[in-house]
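Chemist: I have a structure here, written as structure tokens, and I will follow up with some questions on it.
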Amino acid sequence: MTQIRNTKKCKKRFKKDIERGLFSREDLIVLKLWAKEMEEFGPKYIEDSYEWRDHALERQWQGYRASCFSTSGRIIYKIIDEKTVEICEVERITPDHDYKK
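The structure is reproduced here in structure tokens:
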């Protein structure tokens, strides 16, 4: 089972984006589904699933991955400590394909 942690920065930005109406109700449902599947089945399942179009990132995001939850929405995360307990640290949830750090 994988544990999911959102960084403080991610929590703060995500809350503001929700308040600004940048995420639809459907987006929030799909994000919950992604979290459930990540927790239950792990990152390999997410990576292999066509549904999430998960892919490794490059340049300033080297070591991170992104899963697509809508046409332009992305969950940017990295896996920490695969040896003992898999921890998925979510760095950013973006409604607009924004990869700027």
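Numbering (the working numbering), first residue to last: -1 to 99. Heads up, the beta-carbon is just placed ideally off N, CA and C, and yes, glycines get one too.
State yes or no: is the C-beta of Tyr43 within less than 9 Å of the C-beta of Ala64?
Modeler: Not closer than 9 Å, so no.
Chemist: Just to confirm my understanding: we take Pro93, look at its own chain, exclude 5 residues before and 5 after, and list those with CB closer than 8 Å. What are they?
Modeler: Same-chain partners within the cutoff: Asp15, Leu20, Phe21, Asp25, Ser68, Ser70 and Gly71.
Chemist: Within 10 angstroms of the Cβ of Leu29, are there 16 or more other Cβ atoms? Answer buried if so, exposed if not.
Modeler: buried
Chemist: What span of residues does the beta strand (DSSP E) with Tyr75 cover, start to end?
Modeler: Arg72 to Ile78
Chemist: Using 9 Å as the threshold, is the C-beta distance between Ile74 and Ile2 below it?
Modeler: no
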